[in-house]
Every structure is written in structure tokens, then in C-alpha cells.
Amino acid sequence: MGVITGAPRSATVIAATDTTALRVPREVLLGLLAEFPQMALALMRDQIRRIVSAEARLAEATQGKEPVVVRPVGVEGK
Numbered sequence: 008m009g010v011i012t013g014a015p016r017s018a019t020v021i022a023a024t025d026t027t028a029l030r031v032p033r034e035v036l037l038g039l040l041a042e043f044p045q046m047a048l049a050l051m052r053d054q055i056r057r058i059v060s061a062e063a064r065l066a067e068a069t070q071g072k073e074p075v076v077v078r079p080v081g082v083e084g085k
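This is the structure we're talking about:
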């Protein structure tokens, strides 16, 4: 989450129905997370689920594949 790391983050969202969205500035969200730790835990749980899911998809996609070694250009292998 870019709001936590400070890294840029972009996403495209298309609502299926009429929707009202709220933009929460970084400082406000960080303050809420500090004030309500259960909110921070919920976000952490969601991120962990996403990481576990991505790792499972990666493991499935690479199962039985030969590893690939990548070296920077100009670096000789031994």
C-alpha cells in the first residue's frame, strides 16, 4: 500500500452502480491507524492474504520449471 510506504500507487476502479467515494489523505489515514490499532490489523491481514495468494500463484506457475539465472550485462559467470 503506497499510503504506508510513501511509494506511488495507481489503480483504476469502475463502479457497478452509482457510488460516492471518499479520498482520505495519507496523514489522516496514518492518524486513524494509530488511534484504532484494530484497523491497522485488518489492513495487515488483508495484505498478508494477498501476499500468500500471490506466492501460491507464483509457486504453481513455476512448478517443474528450470530456474533461470539472470546476470547484469558485462558480468562474466564462473
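Count along the sequence shown starting at 1, add 7, and that's the number in my numbering.
Even glycine gets a Cβ: it sits at the ideal position worked out from N, Cα and C.
### Task
Compute the Euclidean distance between the alpha carbons of Glu-73 and Val-80, then round it to the nearest angstrom.
About 21 angstroms.
### Query
Candidates Leu-36, Ala-23, Thr-27, Val-77: which alpha carbon is nearest Leu-50's?
Comparing Cα-Cα distances from Leu-50 to each of Leu-36, Ala-23, Thr-27, Val-77, the minimum goes to Leu-36.
### Query
With a Cβ-Cβ cutoff of 8 angstroms, do Met-8 and Gln-54 count as a contact?
Taking 8 angstroms as the Cβ cut-off, Met-8 and Gln-54 qualify as a contacting pair.
### Query
Where does Ala-41 sit, in a helix, a strand or coil, going by DSSP?
Collapsing the DSSP output to three states places Ala-41 in a helix.
### Task
Go ahead and pull the three-state DSSP assignment for Gln-54.
In the structure shown, Gln-54 adopts helical secondary structure according to DSSP, grouped into three states.
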